[in-house]
Ligand code: AOF
Ligand code: ZN
């Protein structure tokens, strides 16, 4: 009999593995798998893996490959129920059975309609001991994007705003204004690496000319899909976004084509630069979110500006708010933020405050009533 704390310890390790490829496996979830055997001298990890970038191979395949014959009689810890379907590779449940694993510990079941408990059934039918629900809450959190997409057909939405001490997000008519310091900005780049897509409104795209990529050394290839809400197709072809579209994809969301020559010309110019233009009501975040879910986007980071943030908030599509507050005031010419520390919409619960140099980061989560 294995005690619960040992199971939790190795599931925590599997969750750490899962976290490594968060934001890099769309449309697949990033799953962690750790294989442990105990030959009498205490438990020992003999194989571990995370879902590969792009979603294949799955975590179990990777971990079993490392363990080799040592998997026979071992325990596999997996953050999500092993799959039972024939996708691009055979089911992970079959791979675990074939490897002779004796026990499988799972955090949560897979809501994918092709799996949904069948993976666990296959394992049990093969005589494997199956335990579920170990660190389930932690796994729900780690897989929040995937679960949101499967359950509600939309990505998990995080709104990130950086606000000055006097509640402003920028200065009218000025480009990028420094509100937070270097360590907060580094942290935001890390978040970009962990998210499938990032979104800004055209106002921010023009005023800031941002790149919206992850530039952390070693994580440069982890930039998310970049999305601009741009009803009139005003994104300049000379913008950093359009200019880098061939390296990191850019999606421009625009309204109904108005049939004008200039609209068509702008569209063609953007497309020639490698930007993808999609027609979807820019004032209806719900339609866009459903379209993104269909493309396999499980997590979306909304980075502003004020109007875009307000639209997502008004329509009830924000799941988490990350509010950075910088120490300086911007004054009279500032653009007011839709949120401040003491001005958070009803329904959001404050989770924590972190410090980044002189900046504060407050995290709020929307608490849905079950
Ligand atoms: C696992 N282990 O590491 C992952 C799983 O498109 P496919 O064929 O790769 O299948 C995608 C589905 O596989 C996805 O919706 C989810 O059910 C499962 N992901 N399963 O056993 C893994 N990433
Ligand atoms: Zn699988």
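Numbering (this note's numbering), first residue to last: 701 to 1070.
Note that beta-carbon positions come from the ideal geometry of N, C-alpha and C, so glycine has one too.
According to DSSP, simplified to helix, strand and coil, what is residue i?
i            : result
residue 1050 : strand
residue 1001 : strand
residue 1009 : helix
residue 722  : coil
residue 978  : strand
residue 834  : coil
residue 947  : coil
residue 813  : coil
residue 731  : coil
residue 1067 : coil
residue 748  : strand
May I ask you to check if the CB of residue i is nearer than 8 Å to at least one heavy atom of the ligand ZN?
i           : result
residue 821 : no
residue 719 : no
residue 758 : yes
residue 949 : no
residue 789 : yes
residue 914 : no
residue 782 : yes
For the ligand AOF, any of its heavy atoms closer than 8 Å to the Cβ of residue i?
i            : result
residue 755  : yes
residue 733  : yes
residue 999  : no
residue 1008 : no
residue 728  : yes
residue 778  : yes
Opposite residue i in the DSSP bridges: which residues?
i            : result
residue 738  : 743
residue 1059 : 1056
residue 1024 : 862 and 1061
residue 868  : 1036
residue 1044 : For residue 1044, which the question treats as bridged, DSSP gives no partner whatsoever.
Taking the alpha-carbon positions, what's the residue i to residue j distance?
i            : j            : result
residue 846  : residue 1046 : 26 Å
residue 1033 : residue 820  : 60 Å
residue 944  : residue 911  : 8 Å
residue 800  : residue 810  : 22 Å
residue 731  : residue 748  : 11 Å
residue 875  : residue 904  : 9 Å
residue 968  : residue 942  : 12 Å
In the region 761 to 804, which residue ranges form an unbroken beta strand (DSSP E) of at least 3 residues, counting only runs that do not cross its ends?
As far as the region 761 to 804 is concerned, its whole beta strand (DSSP E) runs of at least 3 residues are 775 to 780.
Hey, which unbroken runs of the alpha helix (DSSP H) at 4 residues or more fall wholly within the region 873 to 943?
882 to 893, 902 to 908 and 940 to 943, all fully within the region 873 to 943.
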